[in-house]
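Novice: Just so you know, the sequence shown maps onto residues 1 to 410 in UniProt numbering.
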Amino acid sequence: MHCSRPSVLNVFNLSPTIRSQPMSNPVATPPSTPPRAHVIASDAEAIEVARALASRFAEEASLRDRERRLPVAELDEFSASGLWAITVPKAYGGAGVSYVTVAEVIKLISAADSSLGQIPQNHLGVLDILLQTGTEEQKRHYFGKALAGYRFGNAFSEAKSKNAGAFQTRIRFEGEHAVLDGEKFYCTGALFAHIVPVSGVNEQNQAFIAFVERNNPGLTIIDNWDGFGQRTTASGGAVLKDVRVPSSAVIPAHRAFDEPTADGPISQIIQAAVDTGIAHGAFEETLTHARLARPWIDSKQDFGWQDPFSIATIGDLQWRLHGTDAILAKAGQAIDHALAKPSQAEPASRMRRWWLPRPRCCQHRSPCSPAANSSSWPAPVRYSASSTSTVIGVMRAPTRCTTRHAGNTT
Numbered sequence: 001m002h003c004s005r006p007s008v009l010n011v012f013n014l015s016p017t018i019r020s021q022p023m024s025n026p027v028a029t030p031p032s033t034p035p036r037a038h039v040i041a042s043d044a045e046a047i048e049v050a051r052a053l054a055s056r057f058a059e060e061a062s063l064r065d066r067e068r069r070l071p072v073a074e075l076d077e078f079s080a081s082g083l084w085a086i087t088v089p090k091a092y093g094g095a096g097v098s099y100v101t102v103a104e105v106i107k108l109i110s111a112a113d114s115s116l117g118q119i120p121q122n123h124l125g126v127l128d129i130l131l132q133t134g135t136e137e138q139k140r141h142y143f144g145k146a147l148a149g150y151r152f153g154n155a156f157s158e159a160k161s162k163n164a165g166a167f168q169t170r171i172r173f174e175g176e177h178a179v180l181d182g183e184k185f186y187c188t189g190a191l192f193a194h195i196v197p198v199s200g201v202n203e204q205n206q207a208f209i210a211f212v213e214r215n216n217p218g219l220t221i222i223d224n225w226d227g228f229g230q231r232t233t234a235s236g237g238a239v240l241k242d243v244r245v246p247s248s249a250v251i252p253a254h255r256a257f258d259e260p261t262a263d264g265p266i267s268q269i270i271q272a273a274v275d276t277g278i279a280h281g282a283f284e285e286t287l288t289h290a291r292l293a294r295p296w297i298d299s300k301q302d303f304g305w306q307d308p309f310s311i312a313t314i315g316d317l318q319w320r321l322h323g324t325d326a327i328l329a330k331a332g333q334a335i336d337h338a339l340a341k342p343s344q345a346e347p348a349s350r351m352r353r354w355w356l357p358r359p360r361c362c363q364h365r366s367p368c369s370p371a372a373n374s375s376s377w378p379a380p381v382r383y384s385a386s387s388t389s390t391v392i393g394v395m396r397a398p399t400r401c402t403t404r405h406a407g408n409t410t
């Protein structure tokens, strides 16, 4: 069976089907120059830094999500840590870590706060497109920006086009400049970005990505995200009216998809890592509430967690979670292999494993499981960030779609 070649149009359109809100509430721009970021040197350091950050980010994650308190300070700390630049190749001053490590980092952060784990997805995806299609001068410039702590947002998806693979935003080239016009939605990270990569198509329907400065005239970011979960990703909209950038700030993204590449799987493994992190967070919450739950009246146990059915439920969750971790690591190894030895067949045939974690890690979506009874379902738990974020995560790639792709690459 063969796998259809992905395009830049559908790789970046990973949005769930959520109705766009009216274009209102334009927001102020962030500082044009971020604090100088730490440069991570190795895979081991990346994981160590991620663990330390996750511990701090977990403290008020559910409160931030419930009150939609945007994580500006947390994001500044996150990008200044150097974790947003860990995929920058060693030749350009980065650590060039394994995608096993990338998945582990995103999983750790997402277990603490899945919004924070979600926001860097397109930043990391754009760095890979840059590596494949940028000129040497562009690579040095934008990899340098990433290493310095600049955050790249995204303005890729559109809510009003025919489907997720159709773009209406146009790009036209006028001498040494490019001009973009269009309307975007589900722009995760754009609200907090220093640079907003924007996708647009030319008259031949070829996709380009323009690196637009956040304060560029004509670019308006709209804070109108109203999803059920991951409320602090601020994945709102963007309006582009005669946005003009130098041609040197535009990369021919369509070339990354003229032949099979690992870029699609890179974006997807990051999403799988977010979902796996959510599963870890939900599992820890389940354990907490199961230990506090009263026993069922007829169980003849002193504590709720002693109930054999609760124990079986916890055991079932745990083995599924361990299996998901193993498959996620295997998928990272497959991406590393495909990047090291690219060929016509490698990326499509070796990437099928990433599809497997989602049904497993999202099967149990909240602490409201048989292990935690009805009295353990007050408002703070009912609005657990893990439970609400799972809904959004599953909508990005429904099981009926992911299993089809898994079969299509077998």
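Don't be surprised by glycine CBs; every beta carbon is placed ideally from N, CA and C.
Since this is a predicted model, take the numbers as computed values, not measurements.
1. Do Asn154 and Asn122 come within 8 Å of each other at the CB atom, strictly closer than that value?
2. Let's see if you can read the secondary structure: which residues bound the alpha helix (DSSP H) around His177?
3. Which ranges does the alpha helix (DSSP H) cover as unbroken runs of at least 4 residues, wholly within the segment 82-165, from first to last along the chain?
4. Counting only beta-carbon separations shorter than 8 Å, does Ile270 have a partner in chain C?
5. With Phe167 and Pro197 assumed to form a contact (beta carbons below 8 Å), what rounded beta-carbon distance in angstroms separates them?
6. Comparing alpha-carbon positions, which option in Ile129, Ile327, His141 and Val245 lies nearest Asp275?
7. What span of residues does the beta strand (DSSP E) with Ala207 cover, start to end?
8. What's the call for Ile221, buried or exposed, on a 16-neighbour Cβ count within 10 Å?
9. Who are the Cβ neighbours of Glu284 in its own chain at under 8 Å, not counting the five residues just before and after it?
10. Based on the DSSP output, what are the partners of Pro246 in its beta bridges?
11. Measuring CA to CA, which of Ile119, Ala272, Ser299 and Ile251 is closest to Ser235?
12. Roughly how many angstroms lie between the CA atoms of Leu240 and Gly182, to the nearest whole one?
13. Which class does Leu70 belong to by DSSP, given the choice of helix, strand or coil?
14. Taking the runs of the alpha helix (DSSP H) that are 4 residues or longer, which of them lie wholly in the segment 251-310?
15. Quick check on Trp84: buried or exposed, where buried means 16 or more other Cβ atoms within 10 Å of its Cβ?
16. On a Cα-Cα basis, can you pick out the residue from Phe57, Ala210, Pro252 and Glu259 that is closest to residue 413?
17. Identify whether Ile335 lies in helix, strand or coil by the three-state DSSP scheme.
18. If you compare alpha carbons, which of Val201, Gln138, Glu136 and Lys139 is closest to Ser161?
19. By a C-beta neighbour count over all protein chains shown, 10 Å radius and 16 as the cutoff for buried, is Arg214 buried or exposed?
20. Please state whether DSSP places Lys241 in a helix, a strand or coil.
21. Just the Cα atoms here: how many angstroms apart are Phe78 and Glu60?
22. Thr220 bridges to which residues according to DSSP?
23. Let me make sure I understand the geometry here. Which of Gly96, Ser81, Leu131 and Asp43 has the alpha-carbon closest to that of Thr261?
24. Measuring only the C-alpha atoms, how far is Lys341 from Val105?
25. Pick helix, strand or coil for Ile314, following the three-state DSSP scheme.
26. Mind checking which residues open and close the alpha helix (DSSP H) that includes Ser55?
27. Less than 7 Å between C-beta atoms, sequence neighbours within five positions excluded: which residues of the same chain meet that for Ala50?
28. Tell me the rounded alpha-carbon separation between Glu136 and Ala253.
Specialist: In terms of the structure at hand:
1. In this structure, Asn154 lies closer than 8 Å to Asn122 by Cβ.
2. Segment His177 to Lys184 is the beta strand (DSSP E) holding His177; no alpha helix (DSSP H) there.
3. As far as the segment 82-165 is concerned, its whole alpha helix (DSSP H) runs of at least 4 residues are 99-112, 114-118, 121-133 and 136-147.
4. In summary, chain C is missing from the structure at hand, where a single protein chain is found.
5. 14 Å between Cβ atoms; not a contact.
6. Checking every option, the nearest Cα to that of Asp275 belongs to Ile327.
7. Element bounds for Ala207: Ala207 to Glu213.
8. Result: buried.
9. In the same chain as Glu284, and ignoring 5 residues on each side of it, the C-beta atoms closer than 8 Å to its own belong to Ala111, in chain order.
10. Its beta-bridge partners are His177.
11. It is Ile119 whose Cα lies nearest to the Cα of Ser235.
12. A direct Cα-to-Cα measurement between Leu240 and Gly182 gives close to 5 Å.
13. The three-state secondary structure of Leu70, taken from DSSP, is coil.
14. Qualifying alpha helix (DSSP H) stretches, in chain order: 263-292.
15. Trp84 comes out buried.
16. The chain is shown only over 1 to 410; residue 413 falls outside these bounds and no answer can be derived.
17. Ile335: helix per DSSP, three-state reduction.
18. Nearest of Val201, Gln138, Glu136 and Lys139 to Ser161, Cα basis: Val201.
19. In this structure Arg214 is buried. Its beta-carbon is surrounded by 16 or more other beta-carbon atoms within 10 angstroms.
20. Residue state for Lys241 is assigned as strand, using DSSP reduced to three classes.
21. Taking the straight line from one Cα to the other gives about 15 Å.
22. Looking at the DSSP assignment, Thr220 forms a beta bridge with Val239.
23. Checking every option, the nearest Cα to that of Thr261 belongs to Leu131.
24. A straight line joining the alpha-carbon of Lys341 with that of Val105 spans about 24 Å.
25. Three-state result, Ile314: helix.
26. Unbroken alpha helix (DSSP H) run through Ser55: Asp43 to Phe57.
27. Excluding five sequence positions before and after Ala50, the CB atoms of its chain that fall closer than 7 Å to its own CB belong to Leu83, Val105, Leu108 and Ile109, given in chain order.
28. A straight line joining the alpha-carbon of Glu136 with that of Ala253 spans about 15 Å.
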